[in-house]
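Colleague: Chains A and B are the protein sequences, given in the same order.
Oh and the first sequence: position 143 is 143 in the working numbering, straight run, nothing missing.
With the second sequence counted from 1, adding 1000 to any position gets you the working numbering.
No residue lacks a Cβ here, since even glycine has one placed at the ideal position from N, Cα and C.
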Amino acid sequence: MGIQIDLDNCIGCGNCLPACPYGLIELIDEKARINEGCTLCGACQEACEYDAILIEAAAETVEISDSHHGIWVFAEQRDGRLKSVGYELLAKGRQLADTLDTELCAVCFGHNINETEQLIAYGADKVYLIDNPALANNQEELYTRELVKLIQQYKPAVVVAGATSLGRSFIPRVAAILRTGLTADCTGLEIDTETRLLMQTRPTFGGNIMATIICQAKRPQMSTVRPRVFKKGTPDNKRKGQIIKVDFNGESVTSRTKLLNFVEDLTERVKLEDADIIVSGGRGLGKAENFQLLEELASVMGAALGSSRPPVDHGWIPYSHQVGQTGKTVCPKLYIACGISGAVQHLAGMQTSDTILAINDDPNAPIFEVASYGIVGDLFKVVPMMIDRLKKG
Amino acid sequence: MNIAVCLKQVPGTTKVKVDPQTNTLVRQGIENIVNPFDTYALEEGVRIKERYGGKVTAISMGPPQAEAVLREAISSGADDAILLSDSAFAGADTLATAYTLAKAIERLQECDLIICGRQTVDGDTGQVAPELAEMLGIPFIAYVSQIEEVSNGYMRLQRMVEDGHEVMETPLPAVISVVKEINVPRLPSLRGLTKAKSAVIPVWSISELGVDKTRVGLSGSATKVIKIFFPQRVHHGEILQGELENQVDSLVEKLREVKIV
């Protein structure tokens, strides 16, 4: 273990017990003992007034040279269209770059990508662009190699990417090759002005605990952020920036994995990520057929159809509709939760929505704790009434 | 097919509650379980073995009591198991964990396929599998929902993406991470339970693995947790009152006022 109790200094005061967020410390024979599961977060050390808790610090052998600078955002595209998450990260990246007084760069791979100058309008100073037919269709192996090459050449201090299925599968490979730290699914990114380090805050333990994480001795500092966690800024089409076209040498790298076919899920008529209104159903729907009622409400409102985990587990609706920890993070103007109890994993995916309406017959359901408006009642009565009122216009 | 399945012991987090007095996790009555996503990884490994022959080795890195998840794996169809345990492995982030697992898989020799769950329910990062693949220098495919076929050193499979699924092909050896849609894990068999009870599970420490000490545990971790806190939920909400009809009327009116509908 990297943590030890100095038995001479420990007086058994017990101050460290409540400090441990995991409740791992107990007093045995009037001495503190730390049980298995410690993450070395240091909360107990701060609480101890007797210097009795020793944490073996990681060997900081790597000197961070000043040669690493700049904030990079990986701007993801699909079929040549830039995804919103790239713009969201540029808004946050701009703040970070301004705090550090450094440049903000977007990196974009693909083929026939539209509107790359928009990346500049949304805050990038430079755009590194590799446009090649071989890079269409999110070629993860090639993206991994190309991003590593660019990072090694230009040495950014920070690299941020969307925690999409693409980002979550290729960004860790980039971090592994560079042997640097990567923090997944960050909900907060700030610069500590004293140390100039990136403070990365993320939920853990299914959203029950928040952890702030740093990457002290390795560069770049890397994070992924779920779509819709940060808000897009307003584009400024007069902003000046540089688009740097980078050559792609297709002969030196080929992908071992091959995409044979893509099968689109057609049940998702309005995309969750793009929707202003989401009508979502949970266990309370009882069966697959009852989603028709929500579909009717959704179509009256021009809304997308979402789901909590149980309906997906029961096969009532495809996974692409799932909102939450293992599904999508959404942030619509209005989220209507019907028959959703509000497990912490579901809340993690929707609680930043502008307005949340909860309909549930259990007045004690946790969903009401985050709801802007709550109706305690039978959704099979409430939803038809809503449809009726909305149709009347 | 020689298949390695990586499993992690995690607290049964669905039961995690915060004590409002002390603001700490209530651990009483929380048992450790196999990370639920890893049970699908194990089941898929066993199914591939049953279809194509070979063997399944379950691997876990953790404290000595993590042996329990490996016995469980054997009861559900794994042939062998190895526990990676050393006090120097404590405090590992995903980079150090992936390195340690990679060294163990290299020592196992001739693994054709390494299967992981999509993510753990405690850390929730999903980073170990792709980092592991890169350290082994082999291909990686995430979110696999179906194995279609294995033949001539290639595997064809389906994986889930945001808006549908992709059919992919990869040469072996490779690392994949699987989603829960891939199968329904079996219950332990009586024979498996007997086997699990008497199985000898080797423990590999730093010396068996021959790893670089500066790359494991806390010293091998690039990231460091500097602060832990509990999320604050500020509640400004309103529970509507009165007859249901009137509640719906006032709700629709409120939504129209703010021009949402």
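1) Helix or strand or just coil, what does DSSP make of H111 (chain A)?
2) Since P333 (chain A) meets chain B, which of its residues come closer than 7 Å, beta carbon to beta carbon?
3) Please work out which residues of its chain come closer than 8 Å, Cβ to Cβ, to T61 (chain A), disregarding the five sequence neighbours upstream and downstream, and give them in chain order.
4) Closer than 8 Å, CB to CB, is E296 (chain A) near chain B or not?
5) Taking only beta-carbon atoms, is A1041 (chain B) less than 8 Å away from chain A?
6) Threshold first: 3 residues or longer. Then list the beta strand (DSSP E) segments lying entirely within the region 1206 to 1240 of chain B, N to C.
7) Leaving out five residues on either side along the sequence, give the residues of the same chain with a beta carbon under 7 Å from the beta carbon of Q1146 (chain B).
8) In whole angstroms, give me the CA-to-CA distance for R226 (chain A) and G167 (chain A).
9) Using the rule of at least 16 other Cβ atoms within 10 Å of the residue's Cβ for burial, across every protein chain shown, is K1049 (chain B) buried or exposed?
10) Using DSSP with H/G/I as helix, E/B as strand and the rest coil, what is S1075 (chain B)?
11) Pair every Cβ in the region 202 to 220 of chain A with every Cβ in the region 352 to 359 of chain A, then say whether three or more of these pairs are closer than 8 Å.
12) Give the single residue among B:E1148, B:L1209, B:E1131 and B:K1195 whose Cα lies nearest to the Cα of E141 (chain A).
13) Who are the neighbours of M1061 (chain B) on chain A, taking C-beta pairs under 9 Å?
14) Provide the residue span of the alpha helix (DSSP H) that contains I71 (chain A), from first to last.
15) Quick check on Y1099 (chain B): does DSSP put it in helix, strand or coil?
16) Going by beta carbon distance, what residues of the same chain come within less than 6 Å of A298 (chain A), once the five residues before and after it are set aside?
17) Where does the unbroken beta strand (DSSP E) through G961 (chain B) begin, and where does it stop?
18) Based on Cα-Cα distance, which residue from A:G42, A:G23, A:C13 and A:G315 lies nearest to D29 (chain A)?
19) Where does P156 (chain A) land, buried or exposed, given buried means 16+ other C-beta within 10 angstroms?
20) Given Q77 (chain A), which residues of its chain have a CB within under 7 Å of its CB, disregarding the five upstream and five downstream residues?
21) Starting from the N-terminal side, write out each stretch of the alpha helix (DSSP H) that is 4 residues or longer and does not extend beyond the region 277 to 331 of chain A.
22) Mind listing, in chain order, the continuous alpha helix (DSSP H) runs of no fewer than 4 residues lying wholly within the region 1157 to 1197 of chain B?
23) With which residues is I1281 (chain B) paired in a DSSP beta bridge?
24) If you count every other CB in all the chains shown that lies within 10 Å of the CB of Q4 (chain A), and 16 or more means buried, which is it?
25) Please list the terminal residues of the continuous beta strand (DSSP E) segment that includes L27 (chain A).
26) On the three-state DSSP scale, how would you describe D131 (chain A)?
27) Does the distance from the C-beta atom of M222 (chain A) to that of I171 (chain A) stay below 8 Å?
28) Does the count of Cβ pairs from the region 1161 to 1180 of chain B and the region 1074 to 1081 of chain B closer than 8 Å reach three?
29) For T193 (chain A), which residues from the same chain have a beta carbon less than 8 Å from its beta carbon, with the 5 sequence-adjacent residues on both sides left out?
30) DSSP three-state call for Q1065 (chain B): helix, strand or coil?
31) Drop a sphere of 10 angstroms on the beta-carbon of C16 (chain A), count the other beta-carbons inside from all chains shown, and report buried for 16 or more, exposed for fewer.
32) For K245 (chain A) and I1138 (chain B), what's the separation of their Cα atoms in angstroms?
33) What residues from chain B crowd round N360 (chain A), counting only those whose CB sits closer than 8 Å?
34) Spatial neighbours of L1240 (chain B) within its chain, please: CB distance less than 7 Å, with the 5 preceding and 5 following residues excluded, ordered by chain position.
35) For N249 (chain A), name the three-state secondary structure that DSSP assigns.
36) If we cut at 8 Å on Cβ distances, does L1113 (chain B) have a partner in chain A?
Modeller: Looking at the atomic coordinates:
1) As a position in the first sequence, residue 111 (chain A) is number 111, starting the count at 1. Three-state result, H111 (chain A): coil.
2) Numbered from its first residue, the first sequence carries residue 333 (chain A) at position 333. Here residue 333 (chain A) is Lys; the residue named in the question, Pro, does not match the sequence. Under the 7 Å cutoff, chain B gives I1260.
3) As a first step, residue 61 (chain A) is located in the first sequence; it is residue number 61 there, counting from the start. Interpretation of T61 (chain A) is limited by its pLDDT of 44, a score under 50 that renders its predicted location unreliable; no figure is taken from the coordinates.
4) Residue 296 (chain A) sits at position 296 when you count from the first residue of the first sequence. Chain B, which has no Cβ nearer than 8 Å to the Cβ of E296 (chain A), makes this no.
5) Translated into the one-based positions of the second sequence, residue 1041 (chain B) becomes position 41. No, A1041 (chain B) lies away from the interface with chain A (no Cβ there is under 8 Å from its Cβ).
6) 1223 to 1229
7) Counted from its first residue, the second sequence places residue 1146 (chain B) at position 146. Spatial neighbours of Q1146 (chain B) in its own chain (CB-CB distance under 7 Å, excluding positions within 5 residues in sequence) are listed in chain order as L1157, Q1158 and I1182.
8) Along the first sequence, one-based indexing puts residue 226 (chain A) at 226. Along the first sequence, one-based indexing puts residue 167 (chain A) at 167. Taking the straight line from one Cα to the other gives about 9 Å.
9) Position 49 of the second sequence, counted from the start, is the residue given in the question as residue 1049 (chain B). Classification of K1049 (chain B): buried, given that the 10 Å Cβ count is 16 or more.
10) Stepping through the second sequence from its first residue, residue 1075 (chain B) is reached at position 75. In this structure, S1075 (chain B) counts as helix in the three-state DSSP scheme.
11) no
12) Here residue 141 (chain A) is taken as the residue at index 141 of the first sequence, counted from 1. When each option's Cα is compared against that of E141 (chain A), the closest is B:E1131.
13) Residue numbering aside, residue 1061 (chain B) sits at position 61 when the second sequence is read from its first letter. Those within 9 Å of M1061 (chain B) in chain A number zero; the least Cβ separation is about 13 Å.
14) If you number the first sequence from 1, residue 71 (chain A) lands on position 71. Not the alpha helix (DSSP H): I71 (chain A) falls in the beta strand (DSSP E), residues I71 to F74.
15) Locating residue 1099 (chain B) in the second sequence gives position 99, counting from the first residue. Helix, per DSSP.
16) Position 298 of the first sequence, counted from the start, is the residue given in the question as residue 298 (chain A). These residues qualify, in order along the chain: V279 and L305.
17) For residue 961 (chain B) there is no data in the structure shown, the boundaries of chain B being 1001 and 1261.
18) Translated into the one-based positions of the first sequence, residue 29 (chain A) becomes position 29. The shortest CA-to-CA distance from D29 (chain A) to any of A:G42, A:G23, A:C13 and A:G315 is the one to A:C13.
19) Taking the first sequence and counting its residues from 1, one reaches residue 156 (chain A) at position 156. Buried, because 16 or more other Cβ atoms sit within 10 Å of the Cβ of P156 (chain A).
20) Position 77 of the first sequence holds residue 77 (chain A). Excluding sequence neighbours, Q77 (chain A) sits near K83, C108, G110 and I113.
21) Fully enclosed alpha helix (DSSP H) runs of 4 or longer: 291 to 301 and 309 to 313.
22) Within the region 1157 to 1197 of chain B, no complete alpha helix (DSSP H) run reaches 4 residues.
23) Residue 1281 (chain B) is absent from the model: chain B starts at 1001 and stops at 1261.
24) Within the first sequence, the letter at position 4 stands for residue 4 (chain A). Burial check for Q4 (chain A): the Cβ neighbour count within 10 Å stays below 16, so the residue is exposed.
25) The residue given as residue 27 (chain A) occupies position 27 in the first sequence. Counted as a single uninterrupted DSSP element, the beta strand (DSSP E) harbouring L27 (chain A) occupies residues I25 to I28.
26) Your numbering for residue 131 (chain A) matches position 131 in the first sequence. Three-state DSSP puts D131 (chain A) in a strand.
27) Taking the first residue of the first sequence as 1, we reach residue 222 (chain A) at position 222. Taking the first residue of the first sequence as 1, we reach residue 171 (chain A) at position 171. Yes; because the gap between Cβ atoms is below 8 Å, this pair is in contact.
28) Too few Cβ pairs lie closer than 8 Å, so no.
29) As a working mapping, residue 193 (chain A) is identified with position 193 in the first sequence. Hits under 8 Å: T99.
30) Stepping through the second sequence from its first residue, residue 1065 (chain B) is reached at position 65. Correct three-state label for Q1065 (chain B): helix.
31) Numbered from 1 along the first sequence, position 16 holds the residue referred to as residue 16 (chain A). The residue is buried, with at least 16 neighbouring Cβ atoms inside 10 Å.
32) Numbered from 1 along the first sequence, position 245 holds the residue referred to as residue 245 (chain A). Numbered from 1 along the second sequence, position 138 holds the residue referred to as residue 1138 (chain B). Going by the C-alpha atoms only, they are around 29 Å apart.
33) Position 360 of the first sequence, counting from 1, holds the residue named residue 360 (chain A). Going along chain B, no residue has its Cβ under 8 Å from N360 (chain A), so there is no contact; the nearest lies around 11 Å.
34) For this step, residue 1240 (chain B) is matched to residue 240 along the second sequence. If we look at L1240 (chain B) and ignore the five residues flanking it on each side, its Cβ neighbours are Q1247, S1250 and L1251.
35) Here residue 249 (chain A) refers to the residue found at position 249 when the first sequence is read from its first residue. Note: N249 (chain A) maps to coil in three-state DSSP.
36) Reading the second sequence from its first residue, position 113 is the one you call residue 1113 (chain B). No, L1113 (chain B) does not count as interfacial toward chain A.
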